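Visitor: Numbering (the numbering used here), first residue to last: 73 to 143.
For each residue, glycine too, the CB sits at the ideal point set by N, CA and C.
Note that the coordinates shown come from a computational prediction; the quantities given were computed from them, not determined experimentally.
Dropping the structure in here first, questions after.
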């Protein structure tokens, strides 16, 4: 839910390109962090961050897809 509420203001502030790039870097970083932890609570937090990235990326990618004219 947080990702769906945060996407529009972030995208308005920094644009589609930067939002998608930051989102993908966040996803990669969270997977890297997940691979280095053995703590359940830390893993849960990192997975929450990963899901946040997935929601933000999905909203941006779908919005861009809808904006591209079909030929």
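(1) Hey, is the region 108-119 in contact with the region 79-89, meaning 3+ C-beta pairs nearer than 8 Å?
(2) On the criterion of 16 or more Cβ atoms from any shown chain inside 10 Å, does residue 93 qualify as buried, or is it exposed?
(3) If I follow the unbroken alpha helix (DSSP H) through residue 125, where does it start and stop?
(4) Check each candidate in 142, 140, 128 and name the one with the smallest Cα separation from residue 84.
(5) Expressed to the nearest angstrom, what Euclidean distance is found between the alpha-carbon atoms of residue 36 and residue 75?
Guide: Straight from the coordinates:
(1) Between the region 108-119 and the region 79-89, the count of C-beta pairs closer than 8 Å stays below three; the two stretches do not touch.
(2) Classification for residue 93: exposed.
(3) Element bounds for residue 125: 112-139.
(4) Among 142, 140, 128, the Cα nearest to that of residue 84 is on 128.
(5) The requested residue 36 does not occur in the structure, where the chain is confined to residues 73 to 143.
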